[in-house]
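These notes are about the structure you will find just below.
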Amino acid sequence: MRAMERKSFLNRIWEFVKSRRLSLYLLPIFVLALIVGALLPQGSTYVFSSWWFTALTFALFLNTLFCTFSRTRAAWKITFRPAPKVSPRFIQDLKNHDEITYEGSLGEAIQLINSVLSSRRYRRTQGSTQEGISVLAEKGRFGIWGSVIFHMSFTVILVGIIISATTNLRGSIGLIEGETFTEQHQNYRTIKEAPLFGQNHQGFQVRLDKIYLTLDKDGQPTDWSSDLVVLDGGEEVKRHHVVANSPLTYKGFVFYQTPRYSFSPLFILRDSDGNVLYNAYVSLSLVEKRRPEFKDSFSIPGTPLKVKVQFYPDAVLVGKQLETKSFIPKKPALDLEVKAGKERVFKGPVWLNQSAEFLGLRLTFTGFRYWADFLVVRDLGIPIVFAGFWVALFGIVWRFWFTNKNIWVLLTEDAGKIVLNIGGKAERHKVLFSREFTAIVEEIKGRCK
Amino acid sequence: MISWEIAMFWTAVVLYAASTVLFVTSFVFDKPGWEKWALGLAGVGLAPHSVANFLRWIAAGHAPYLSFYEVTLSLTWFAVLIFLLTQWRYPKMRAIGLVVLPVSFLLLAGAILASKEIILLPPTFRTIWLSIHISFNKLALSCFILGAGAAILYILKERSERKGRVKNFYKQLPDLADLDELSYRFNAAGFIFFGITIIAGAIWANNAWGRYWAWDPIETWSLIAWLTYALYLHLRLQRGWRGGKVAVVAFLAIIAAFIAVYGVPLVTKTIHSLFMAR
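First to last, the sequence lines map onto chains A and B. When you number the first sequence by our numbering, it's gap-free, plus one each residue, and the end is 450. When you number the second sequence by our numbering, it's gap-free, plus one each residue, and the end is 268.
Structure representation (structure tokens):
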């Protein structure tokens, strides 16, 4: 008895979990949660990343999945159900039904029925019953599968989202023109790996050959693009001109152009004997204000020197202060401050190919290049999510395009005349179907005269 | 000197306003002949409206879908066009003009107060997916407006029939069953188009920014609207809800859709608002 009670209780739980009624509760609760998340300033953090929102999402997906399985069985039964026994009683019980008398032969009556129904694209099957000849006309038999496909797509999407969340990588790299990046964890400027990303770094290299900037009349960039080259095993395997909406893809890693760029001046530090102590490009940060600024500070290795630098692409001296007329590097200059420990040893402007001299050393600004930021993403879930989108679209269009409609006609002979009992029903759009049925009946009656 | 674009814009506003007056008069004062004049004026108004859209497109170098002014200019064009086409095919639809035309002309008149600054198309916006995203968004919103229009008329007529005081105005409206069916069909079509909008937006976002979903406020409100329409369809198809009862859900959904398009960009910074708030 207890086992039976348990089974009954479990059955009831299962029936509830896979019920469409549950979806009518879960949907508005989910929508409310979305509204709360949308209204809170930190909705993304507090709501959409929370355990309860994740649980709610899973509940909705699971309910959809279970409902869909349940619907699949129902759809199978409906699609492949045996034809009902057509009798006058069966037809009269239908909401749409009528009776027409035809003065002609049975063959002519059948031809008339077929002609009217085929002109409306109904597929017809003829049979014979005890009462007479039956004609079953049907449209959209497989329409119900559209709903199954649409709801099944959410499972595909969920699988994609889970794969995304557990295996993806998102990072950023900054590359100076001519510089090469090796795809390894430690070489990213910022990196976030999902728990199951594992050891999936590929070790190939990406070289930035050139950055292209489209500048407006003030020299502000309006468009950015880059030439990237992929090297794998020491060989060049791919070249791509990366622009917005056209990233570089290699071995599942996607390199996106970002609008972040800046300058990298080349510094050479020499001692009094002319020995080179330091020779490197230094990537300056882009400080985004009303007018962007390119500045940073860095230490020179092996020395106590700390350098603060601001780059002026098209410099002009206004009093003792450098300003830039535009962002086109026509006449570049640096505003330089050098400290040795706490003591400032140099401050002032340094033009291209000029030097700052201090403590017997000479720091020369000998050139510059652009550098650019690239977003790197590896997400194996994306194709699955997008496949789910297409399946959903296909399913929903199918569902609304095809509506199952049935019309039954029973032809019986009565006192030398043919009696047509006609009835029909549709699974949806019942009002429209009633009108269609009336029009069919009127057409048959009109042609009977 | 007034630009041709603004002149065409105001011509359309005036014609839609006149059409609205004639529409309302024809129904309220039972003058069926005026309905044809109202439709004619709306059709004529569509011509300068089209020219205004075209001139804006030429001046901006892109279709009019950035900024409040452009979004309204193109959305109302879609709404009026879809209404005129469907009422021509299905004359029973005409009554929905009582909602579509006033809403369109008021939105359009409001847009004249917005900034008309031309916004350059940023690099991430130069993609076919954006065009698909925006076109289907406009189709969806237009369908939702028509669906809401049919629902409003349903509620008004049903209330008058329930009170037993059916004025001539309500007698001219389609049957309740027809209004209910029209509302459902437009909302269902809008649901599909809005789904395509979200999908195209996700594909575009992934191509441009390396992520298909980031809980951006507009993305979130669009999902809210879409799921609310899903709830509307479930209630109708599963529970057999009809008429005023289910119309409330559709009204909430259309509010969410308009919050996504108009509300969010005005109050918060998103990928979209950069170009809407100006």
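The C-beta atom is built at its ideal place from N, Cα and C for all residues, glycine as well. Predicted model, so just to flag it, every value in this text is computed and none were measured.
Please report whether the beta-carbon of residue i lies at a distance below 9 Å from any beta-carbon of chain A.
i: His52 of chain B; result: no
i: Pro255 of chain B; result: no
i: Asn197 of chain B; result: yes
i: Ala218 of chain B; result: First, the amino acid is wrong: residue 218 of chain B is Thr here, not Ala. Yes, contact with chain A.
i: Gly200 of chain B; result: yes
i: His123 of chain B; result: no
i: Pro112 of chain B; result: yes
i: Leu264 of chain B; result: Because Leu264 of chain B sits at a pLDDT of 47, beneath the cut-off of 50, its placement in the model cannot be relied upon, and the point is left open.
i: Thr295 of chain B; result: Because chain B is modelled from -9 through 268, residue 295 of chain B falls outside the range shown and cannot be assessed.
i: Leu136 of chain B; result: no
i: Thr187 of chain B; result: no
i: His39 of chain B; result: no
i: Thr62 of chain B; result: no
Smallest Cα separation from residue i: which of the options?
i: Val243 of chain A; options: A:Arg208, A:Leu170, A:Phe264, A:Ile269; result: A:Arg208
i: Asn97 of chain A; options: A:Lys406, A:Arg448, A:Lys19, A:Lys418; result: A:Lys406
i: Gly330 of chain A; options: A:Leu318, A:Pro314, A:Gly161; result: Before going further, note that residue 330 of chain A is Pro rather than Gly in the sequence given. The shortest C-alpha separation from Pro330 of chain A is found at A:Pro314.
i: Arg21 of chain A; options: A:Ser71, A:Ser9, A:Asn12; result: A:Ser71
i: Leu40 of chain A; options: B:Gly233, B:Phe115, B:Ile214; result: B:Ile214
i: Asp336 of chain A; options: A:Lys309, A:Gln185, A:Val87, A:Lys326; result: A:Lys309
i: Tyr282 of chain A; options: A:Val149, A:Pro266, A:Val160; result: A:Pro266
i: Ser356 of chain A; options: A:Ile269, A:Asp415, A:Phe403, A:Ala416; result: A:Ile269
i: Lys343 of chain A; options: A:Lys307, A:Glu358, A:Thr65; result: A:Lys307
i: Val238 of chain A; options: A:Asp99, A:Tyr262, A:Gln206, A:Lys332; result: A:Gln206
i: Leu45 of chain B; options: B:Val4, B:Trp(-6), B:Tyr6, B:Ala7; result: B:Trp(-6)
i: Ile36 of chain A; options: B:Tyr252, B:Gly253, B:Ala246; result: B:Ala246
i: Tyr174 of chain B; options: A:Trp402, A:His430, A:Arg448; result: A:His430
i: Ala427 of chain A; options: A:Thr404, A:Thr73, A:His186, A:Ile385; result: A:Thr404
i: Phe387 of chain A; options: B:Trp119, B:Ile142, B:Phe126, B:Ile193; result: B:Ile193
Does any CB atom of chain B fall closer than 9 Å to the CB of residue i?
i: Ile145 of chain A; result: no
i: Asp224 of chain A; result: yes
i: Gln150 of chain A; result: What sits at residue 150 of chain A in the sequence shown is Ile, not Gln. No, its Cβ sits nowhere closer than 9 Å to a Cβ of chain B.
i: Trp391 of chain A; result: yes
i: His98 of chain A; result: no
i: Arg190 of chain A; result: no
i: Phe38 of chain A; result: Note that residue 38 of chain A is Gly in the sequence shown, not Phe. Interface residue, yes.
i: Ser247 of chain A; result: yes
i: Tyr103 of chain A; result: no
i: Pro29 of chain A; result: yes
i: Ile212 of chain A; result: no
Do residue i and the ligand FAD come close, with the Cβ less than 8 Å from some heavy atom?
i: Ser247 of chain A; result: Of the ligands one can find in the structure shown there are none, so the ligand FAD has no counterpart to examine.
Could you tell me the boundaries of the beta strand (DSSP E) in which residue i lies?
i: Tyr55 of chain B; result: Unbroken run through Tyr55 of chain B: none, as it is neither H nor E.
i: Pro260 of chain A; result: 254 to 271
i: Tyr313 of chain A; result: 306 to 313
i: Arg1 of chain A; result: Beyond the ends of chain A as shown, which are 2 and 450, falls residue 1 of chain A; an answer cannot be given.
i: Trp409 of chain A; result: 406 to 415
i: Ser300 of chain A; result: 294 to 300
i: Gly175 of chain A; result: 170 to 177
i: Pro255 of chain B; result: Not the beta strand (DSSP E): Pro255 of chain B falls in the alpha helix (DSSP H), residues 254 to 257.
i: Gly396 of chain A; result: From DSSP, Gly396 of chain A is part of no beta strand (DSSP E) but of the alpha helix (DSSP H) over 383 to 402.
i: Thr117 of chain B; result: Per DSSP, Thr117 of chain B belongs to no beta strand (DSSP E) and is neither H nor E.
Considering residue i, what are the terminal residues of the alpha helix (DSSP H) in which it resides?
i: Thr126 of chain A; result: Note, Thr126 of chain A: premise wrong, no alpha helix (DSSP H); beta strand (DSSP E) at 124 to 129.
i: Thr69 of chain A; result: 52 to 80
Less than 6 Å between C-beta atoms, sequence neighbours within five positions excluded: which residues of the same chain meet that for residue i?
i: Gly147 of chain A; result: Gly396, Trp399, Arg400
i: Trp15 of chain A; result: none
i: Leu1 of chain A; result: This structure cannot speak to residue 1 of chain A, because chain A is shown only from 2 to 450.
i: Asn196 of chain B; result: Tyr202
i: Ala8 of chain B; result: Leu31
Can you find the residues in the same chain that come closer than 8 Å, C-beta to C-beta, to residue i, ignoring five residues on each side of it along the sequence?
i: Ile111 of chain A; result: Gln127, Ile134, Val136, Leu412
i: Ala178 of chain B; result: Leu223
i: Ala104 of chain B; result: Ser57, Phe58, Tyr59, Thr62
Which same chain residues end up closer than 7 Å to residue i when comparing Cβ atoms and leaving out the 5 residues on each side of it in sequence?
i: Phe73 of chain B; result: Ile86, Gly87, Val90, Leu136
i: Ile79 of chain A; result: Ile145
i: Ala250 of chain B; result: Ile208, Trp211, Ser212, Ala215
Exercise. Does the region 117 to 133 of chain B come within contact of the region 56 to 74 of chain B, defined as at least 3 CB pairs closer than 8 Å?
Worked result: yes
*Evaluate the contact criterion for the region 76 to 93 of chain B versus the region 160 to 167 of chain B: three or more CB pairs, one atom per stretch, below 8 Å.*
yes
**Report entry** Inter-stretch contact at 8 Å, needing at least 3 Cβ pairs: the region 189 to 197 of chain A / the region 401 to 417 of chain A
**Finding:** no
Q. Using 8 Å as the threshold, is the region 136 to 152 of chain A in touch with the region 333 to 352 of chain A, meaning 3 or more CB pairs across them?
A. no
| message | Between the region 117 to 132 of chain A and the region 435 to 446 of chain A, can you find at least three pairs of beta-carbon atoms closer than 8 Å? | response | yes
- Count the C-beta pairs between the region 151 to 164 of chain A and the region 375 to 394 of chain A that are closer than 8 Å, then say yes if the count reaches three, no if not. The answer is yes - the region 375 to 394 of chain A touches the region 151 to 164 of chain A, with three or more Cβ pairs under 8 Å.
Is it the case that the region 217 to 225 of chain A contacts the region 315 to 329 of chain A, given that we only count it when at least three CB pairs across the two stretches are under 8 Å?
yes
When the Cβ atoms of the region 147 to 154 of chain B are set against those of the region 184 to 199 of chain B, are three or more pairs found closer than 8 Å? As far as the Cβ criterion goes, the region 147 to 154 of chain B does not touch the region 184 to 199 of chain B, which means the pair count is below three.
Note to self: Is it the case that the region 89 to 108 of chain B contacts the region 7 to 25 of chain B, given that we only count it when at least three CB pairs across the two stretches are under 8 Å?
What the structure shows: yes
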